[in-house]
Amino acid sequence: MTGGPAVLVGIDGGGTRARLRLATPEGVLLAEGEGGPANIATDAGQAWDSIGQALDLALSRAGLSGAECRLVAVAGLAGTEVSGAVARFLARPALFARLDIVSDAYTSCVGAHAGEDGAMIAAGTGMVGLAIVGGATRRVGGWGFPQGDEGGGAWIGLEAVRLMLRAGDGRARPTLLSEAVRARLADEGAEPMLWAVGARAADFARVTPLVCALAEQGDVQARGLLARAGAEVEALLAALRAADGFGALPCCLLGGLAPVLLPYLSAGAQAGLSVPRGHAIDGAMLLARRLHEAAPEAPGDSQPE
Numbered sequence: 001m002t003g004g005p006a007v008l009v010g011i012d013g014g015g016t017r018a019r020l021r022l023a024t025p026e027g028v029l030l031a032e033g034e035g036g037p038a039n040i041a042t043d044a045g046q047a048w049d050s051i052g053q054a055l056d057l058a059l060s061r062a063g064l065s066g067a068e069c070r071l072v073a074v075a076g077l078a079g080t081e082v083s084g085a086v087a088r089f090l091a092r093p094a095l096f097a098r099l100d101i102v103s104d105a106y107t108s109c110v111g112a113h114a115g116e117d118g119a120m121i122a123a124g125t126g127m128v129g130l131a132i133v134g135g136a137t138r139r140v141g142g143w144g145f146p147q148g149d150e151g152g153g154a155w156i157g158l159e160a161v162r163l164m165l166r167a168g169d170g171r172a173r174p175t176l177l178s179e180a181v182r183a184r185l186a187d188e189g190a191e192p193m194l195w196a197v198g199a200r201a202a203d204f205a206r207v208t209p210l211v212c213a214l215a216e217q218g219d220v221q222a223r224g225l226l227a228r229a230g231a232e233v234e235a236l237l238a239a240l241r242a243a244d245g246f247g248a249l250p251c252c253l254l255g256g257l258a259p260v261l262l263p264y265l266s267a268g269a270q271a272g273l274s275v276p277r278g279h280a281i282d283g284a285m286l287l288a289r290r291l292h293e294a295a296p297e298a299p300g301d302s303q304p305e
């Protein structure tokens, strides 16, 4: 971990999964690895385990040992804005010789615009908008689930479960969507009416593909949920562009839900979006390269963006 040639590590850690990439300082891809959820505010220990799993897998695929190289990493992680979350994560045993921690929104924006100024809305388990101009950033949304992240995968899943609960106890008529959610949870061995007690954002997000599938089949209620999520995207976009100095930036729609929600945006909103030049892990790799080039042999500090 501390000796040998430098290997750059880019990490994208969200509420559902972690992705990790290894590359040489010259940009040669070595390998990638995957792990479980990596929201450091929700569970710093789980995030550490997920990133460790992804690292071990990538090193194995690259035929490397952590002891043979000096791992210089930048991790874009969900939950960095929560007080104490970064400290709790860094209290775990070190996985890297150098590590800088920023938000997953920051690495997404850097990746989307290849390091240049720009804005983005990330629609995944959560939902957040971020713009970068020089050293200044503006963030809208993404304040955590369930109090925020409206329009994201966890929110869509939660709304679908709420519909199922209302139908289940007689407050509303059963629908195709409510019955599909009930059947899915029952098939997993859960009691549908109690399943949500203690469920986390990633658990609710697992319901969202069912909503998307029914929407594709024309179910009105499922399409209505996705339309509401699309309206949240447009609200974030309007808030980003309302701030002085940020209104003219190119803006991308990113994340696993981006292609799902794009058709639910107005024609004007769709026309105003740019094609992303990269993704969150590309942004993390770019930042890792900058970190290495700024001080190739220096120990690193970890500071959230």
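Using full-length UniProt numbering, the letters of the sequence shown map in sequence onto residues 1 to 305. Beta carbons: idealized from backbone N, C-alpha and C, even for Gly.
Problem - Limits of the unbroken beta strand (DSSP E) element including Met127 - result: Met127 to Val133
Problem - Gly141 beta carbon less than 7 Å from that of Met127 - result: yes
Problem - Environment of Leu226 [buried if 16+ CB atoms lie within 10 Å] - result: buried
Practice task
Report yes or no: do the stretch 148 to 168 and the stretch 279 to 293 share at least 3 C-beta pairs separated by less than 8 Å?
Solution key: no
Handout entry: Helix, strand or coil at Ser302 [DSSP, three-state]
Key = Here Ser302 scores only 46 on pLDDT, less than 50, and its place in the model is too uncertain to base an answer on.
Problem - Nearest-angstrom Cβ-Cβ length linking Gly148 and Leu236, presumed shorter than 8 Å - result: Not quite, the Cβ-Cβ distance comes to about 11 Å (not below 8 Å), so this is no contact.
Exercise for the section: Give, in chain order, every unbroken run of the beta strand (DSSP E) that is at least 3 residues long and sits entirely within the stretch 65 to 132. Expected result: 70 to 77, 98 to 103 and 118 to 123
Problem - Per-residue DSSP class, three states only, for Gly148 - result: coil
Handout entry: Among Ala243, Met193 and Ser178, nearest to Leu214 - alpha-carbon criterion
Key = Ser178
Problem - 7 Å Cβ cutoff, Glu234 in contact with chain C - result: No chain C is part of this structure, which consists of one protein chain only.
Problem - Beta-carbon proximity of Ala73 to Leu90, cut-off 7 Å - result: no
Exercise for the section: Give a yes or no on whether the C-beta atoms belonging to Leu20 and Gly33 are separated by under 7 Å. Expected result: yes
Problem - C-alpha gap between Trp143 and Leu55, whole angstroms - result: 28 Å
Handout entry: For Ala160 and Val207, believed in contact at Cβ under 8 Å, the rounded distance
Key = 5 Å
Exercise for the section: Count the other C-beta atoms from every protein chain shown that fall within 10 angstroms of the C-beta of Pro192, then say buried if there are 16 or more, exposed otherwise. Expected result: buried
Handout entry: Nearest-angstrom Cα separation, counted from Leu64 out to Ala97
Key = 15 Å
Practice task
Drop a sphere of 10 angstroms on the beta-carbon of Leu253, count the other beta-carbons inside from all chains shown, and report buried for 16 or more, exposed for fewer.
Solution key: buried
Exercise for the section: List the DSSP bridge partners of Ser274. Expected result: Cys252
Problem - Contact check, Arg107 vs Gly76, beta carbons under 7 Å - result: According to the sequence as given, residue 107 is Thr; it is not Arg. Yes. Within cutoff.
Exercise for the section: Return yes when the Cβ of Leu59 is within less than 7 Å of the Cβ of Gly52, no when it is not. Expected result: no
Practice task
Would you kindly work out how many angstroms separate the C-alpha atoms of residue 317 and Ala180, rounded to a whole number?
Solution key: What the structure shows of the chain is the stretch from 1 to 305, and residue 317 is not part of that stretch, so it cannot be assessed.
Exercise for the section: Buried or exposed for Arg61, please, with buried defined as at least 16 other CB atoms from any protein chain shown within 10 angstroms of its CB. Expected result: exposed
Exercise for the section: For Glu32, name the three-state secondary structure that DSSP assigns. Expected result: strand
Practice task
Go ahead and label Pro5 buried or exposed: buried means 16 or more other beta carbons lie within 10 angstroms of its beta carbon, across all protein chains shown.
Solution key: exposed
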